[in-house]
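As they're listed, the protein sequences go chains A and B. Per our numbering, the very first residue in the first sequence carries number 3; after that it's consecutive. Per our numbering, the very first residue in the second sequence carries number 150; after that it's consecutive.
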Amino acid sequence: MSINTKSNGSVSKAPGSVIAGFVTLFSYGLLYGLASSAPAYAEPEADRQAMRAHYEKRFSGIPIEAHKDGVYAFDEDAREQWLELEDFPPYEIAVDEGEEFFNIPLADGATYSDCFGDGAIKSQYPYFDEERSEVITLELAINDCRRQHGEEPLPYNGAEIVRLSAYIAFLSRGQIIAVAEPVSEPALAAYNDGKRFYSSRRGQLNFACSSCHVQLAGKRLRSERLSASLGHVSHWPTYRLKWQDVGSLHRRFARCNKQVGAEPFAQQSPEYRNLEYFLTYISNGLPLNGPAIRK
Amino acid sequence: MKKLLSGLLLPCLLFISTFAIPTVRAENPPTNDLERGKAIAFDRNAGNCLACHAIDDGELPGNSGPPLMQMALRFPDRDVLRAQIWDATVRNPNTVMPPYGKHKILSDEELDLVVDYLLTL
Numbered sequence: 003m004s005i006n007t008k009s010n011g012s013v014s015k016a017p018g019s020v021i022a023g024f025v026t027l028f029s030y031g032l033l034y035g036l037a038s039s040a041p042a043y044a045e046p047e048a049d050r051q052a053m054r055a056h057y058e059k060r061f062s063g064i065p066i067e068a069h070k071d072g073v074y075a076f077d078e079d080a081r082e083q084w085l086e087l088e089d090f091p092p093y094e095i096a097v098d099e100g101e102e103f104f105n106i107p108l109a110d111g112a113t114y115s116d117c118f119g120d121g122a123i124k125s126q127y128p129y130f131d132e133e134r135s136e137v138i139t140l141e142l143a144i145n146d147c148r149r150q151h152g153e154e155p156l157p158y159n160g161a162e163i164v165r166l167s168a169y170i171a172f173l174s175r176g177q178i179i180a181v182a183e184p185v186s187e188p189a190l191a192a193y194n195d196g197k198r199f200y201s202s203r204r205g206q207l208n209f210a211c212s213s214c215h216v217q218l219a220g221k222r223l224r225s226e227r228l229s230a231s232l233g234h235v236s237h238w239p240t241y242r243l244k245w246q247d248v249g250s251l252h253r254r255f256a257r258c259n260k261q262v263g264a265e266p267f268a269q270q271s272p273e274y275r276n277l278e279y280f281l282t283y284i285s286n287g288l289p290l291n292g293p294a295i296r297k
Numbered sequence: 150m151k152k153l154l155s156g157l158l159l160p161c162l163l164f165i166s167t168f169a170i171p172t173v174r175a176e177n178p179p180t181n182d183l184e185r186g187k188a189i190a191f192d193r194n195a196g197n198c199l200a201c202h203a204i205d206d207g208e209l210p211g212n213s214g215p216p217l218m219q220m221a222l223r224f225p226d227r228d229v230l231r232a233q234i235w236d237a238t239v240r241n242p243n244t245v246m247p248p249y250g251k252h253k254i255l256s257d258e259e260l261d262l263v264v265d266y267l268l269t270l
């Protein structure tokens, strides 16, 4: 593994005291945002291990798997209230509606089962499709299935696709995230694109995703605790009290872009799919637990 | 359930704009310059320094940055303090503190008012 070979050396100053496992995080710009282009290191598994080591150190006593619950992994006060909400989960209606959509025959008489079997398939996504040379997410696969069977694709920001994915997420609970390690050059390019996105500063407030969710994870902005990146992909779609509805992971990405004054990207844009690919790979080993509830 | 929801919603509403791009300034701004500096530092839609720093009597501060206290002692040179707020990445390239002057989050005048206020802490 090569370290600190960044062409623009502007942010590669790793404090001398960092422990060995940390070096990867620093040199990859994940702990501290990258100013611009990062090199295409072919070390996804090293990234994953470094991220795990970072959070294990920062949240000592909290198993990595617990971060599937976001801030509730370590925010004890909020956790109580949150657990009680699960008694009457507000995402339940969306799951039921998703089931109905799932069983409505498509134009040619086929159903979604012809594409997705019993529907417990979320852990197969996202993956890098070598033939198409792009990241395929569950949402993309749903629209592929529709086209295949004579239907128009669903709009990614609409109610129907998020309900279908809520139902599929529900059926897939407990599956373990296991994205295949990117090996081919195009797969690595997509992974590195997502990684670079995550660690690049943007917006008027000049934050990278990693500023808040790696560097400041566990700390507070005002009273709001910041969750760890590992587990960020495990529980979507999620019912947000603020949205009063279930929403997708990409909708959350857009929200986090906007709050620092950066332009959001469209749901299922190549940028957000690559970001999802990177984040899901580094979350390998965590269980799927969607849909969930968040503030 | 209803009670629970409102219990969760309240803090949620409070923190919707943990960060918000400055658009609307507080109405009826205070007239005294030090008070103005303080108001700018505290306002969620302006400095929002409380997002990260405990300052004076500011309510519900975050803990992402160090508490701001004894500023005159820590920053005998006013320009050094101003530079920290103008663009904190100069001193620490990895900082999470937004570059208030460089990215025009605060105007020059607002920045000076904040610096003057900080020096009273």
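Note that CB positions come from ideal geometry on N, CA and C, so glycine has one too.
Three-state secondary structure (DSSP) at residue i?
| i | result |
| --- | --- |
| GLU136/A | strand |
| VAL235/A | coil |
| LEU267/B | helix |
| ALA294/A | strand |
| GLU278/A | helix |
| TYR43/A | Its pLDDT being 47, under 50, TYR43/A is placed unreliably by the model, and the measurement read from it follows with that caveat. Of the three classes helix, strand and coil, the one that applies to TYR43/A here is coil, per DSSP. |
| ARG203/A | coil |
| GLY249/A | strand |
| PRO289/A | strand |
| ARG224/A | coil |
| TYR169/A | helix |
| VAL173/B | Here the model assigns VAL173/B a pLDDT of 49, short of 50, so the residue's position is not dependable, and the following value carries that caveat. Residue state, collapsed to three classes: coil. |
| TYR57/A | helix |
| ILE178/A | strand |
| ASP257/B | helix |
| ARG257/A | helix |
| ARG242/A | strand |
| ILE64/A | coil |
| PHE209/A | strand |
| LEU153/B | Any answer about LEU153/B is weak, because its pLDDT of 37 lies below 50 and its placement is not dependable; what the coordinates show is given next. Looking at LEU153/B - three-state DSSP - the assignment turns out to be helix. |
| LEU156/A | coil |
| GLN217/A | helix |
| GLU187/A | helix |
| GLU265/A | coil |
| HIS69/A | helix |
| GLN150/A | helix |
| ALA192/A | helix |
| ALA48/A | helix |
Kindly list, in the order they appear in chain A, the residues whose Cβ is closer than 7 Å to that of residue i.
| i | result |
| --- | --- |
| GLY186/B | Within 7 Å Cβ-Cβ: nothing; GLY186/B doesn't reach chain A, min ~20 Å. |
| PRO248/B | ASN208 |
Am I right that residue i and residue j are in contact with their C-beta atoms under 8 Å? What's the rounded C-beta distance?
| i | j | result |
| --- | --- | --- |
| LEU277/A | ILE66/A | With 8 Å as the limit, LEU277/A and ILE66/A do not qualify as a contact, their Cβ atoms being about 20 Å apart. |
| PRO289/A | LYS70/A | 6 Å |
| LEU260/B | ARG223/B | The pair is not a contact, with the Cβ atoms about 18 Å apart (cut-off 8 Å). |
| SER213/B | LEU218/A | 5 Å |
| HIS215/A | SER229/A | 6 Å |
| ARG50/A | ASN286/A | 6 Å |
| SER167/A | GLU141/A | 6 Å |
| CYS198/B | LEU223/A | The pair is not a contact, with the Cβ atoms about 11 Å apart (cut-off 8 Å). |
When burial is assigned at 16 or more other CB atoms within 10 Å of the CB, is residue i buried or exposed?
| i | result |
| --- | --- |
| MET53/A | buried |
| ALA37/A | Since pLDDT at ALA37/A reaches only 39, below the 50 mark, its modelled position is unreliable, and the value read off the structure follows with that caveat. The residue is buried, with at least 16 neighbouring Cβ atoms inside 10 Å. |
| GLU226/A | buried |
| MET218/B | exposed |
| ASN194/A | buried |
| ASP120/A | exposed |
| ILE144/A | buried |
| VAL272/B | With chain B represented from 150 up to 270, any question about residue 272/B goes unanswered, as that position is not in the structure. |
| ASP192/B | buried |
| LEU255/B | buried |
| ARG180/B | Position check: residue 180/B holds Thr in this sequence, whereas Arg was assumed. Exposed, by the Cβ-count rule. |
| ALA180/A | exposed |
| ALA195/B | buried |
| ALA221/B | exposed |
| THR172/B | At THR172/B, the pLDDT of 49 sits below 50, so the modelled position is not reliable and the matter cannot be decided from this model. |
| SER186/A | exposed |
| PRO157/A | exposed |
List, in chain order, every chain B residue whose beta-carbon is nearer than 8 Å to that of residue i.
| i | result |
| --- | --- |
| GLN217/A | ASN243 and VAL245 |
| SER285/A | By Cβ distance, chain B contributes nothing, its closest Cβ being about 23 Å from SER285/A, past 8 Å. |
If the cut is a Cβ gap below 9 Å, which residues of chain B does residue i touch?
| i | result |
| --- | --- |
| ASN259/A | Correct list: empty, because the minimum Cβ distance to chain B is about 12 Å. |
Is residue i near the ligand NAD, in the sense that its beta carbon is under 6 Å from a heavy atom of that ligand?
| i | result |
| --- | --- |
| ASP120/A | Because no ligand of any kind appears in the structure shown, any question about the ligand NAD cannot be addressed here. |
Using a Cβ cut-off of 8 Å, pull out every chain A residue sitting near residue i, in sequence order please.
| i | result |
| --- | --- |
| ILE254/B | GLN206 and LEU207 |
| GLY211/B | LYS221, ARG222, LEU223, ARG224, SER225 and GLU226 |
In chain A, what lies closer than 9 Å to residue i by C-beta?
| i | result |
| --- | --- |
| LEU201/B | One detail in the question is off: residue 201/B reads as Cys in this sequence, not Leu. Under the 9 Å cutoff, chain A gives LEU218, LYS221, ARG222, LEU223 and ARG224. |
At a CB-CB cut-off below 7 Å, which residues of chain B make contact with residue i?
| i | result |
| --- | --- |
| SER213/A | VAL245 |
Check the Cβ-Cβ distances between residue i and every residue of chain C, and say whether any is below 7 Å.
| i | result |
| --- | --- |
| GLY196/A | Given the protein chain composition of this structure (A and B), no chain C is represented. |
**Study point:** Completely contained alpha helix (DSSP H) runs for the region 71 to 146 of chain A, where each covers 4 or more residues
**Key:** 78 to 87, 94 to 105 and 115 to 118
Exercise for review: Please specify which runs of the alpha helix (DSSP H), each continuous and at least 4 residues long, are wholly inside the region 173 to 254 of chain B, giving them in chain order.
Suggested key: 182 to 191, 220 to 223 and 227 to 235
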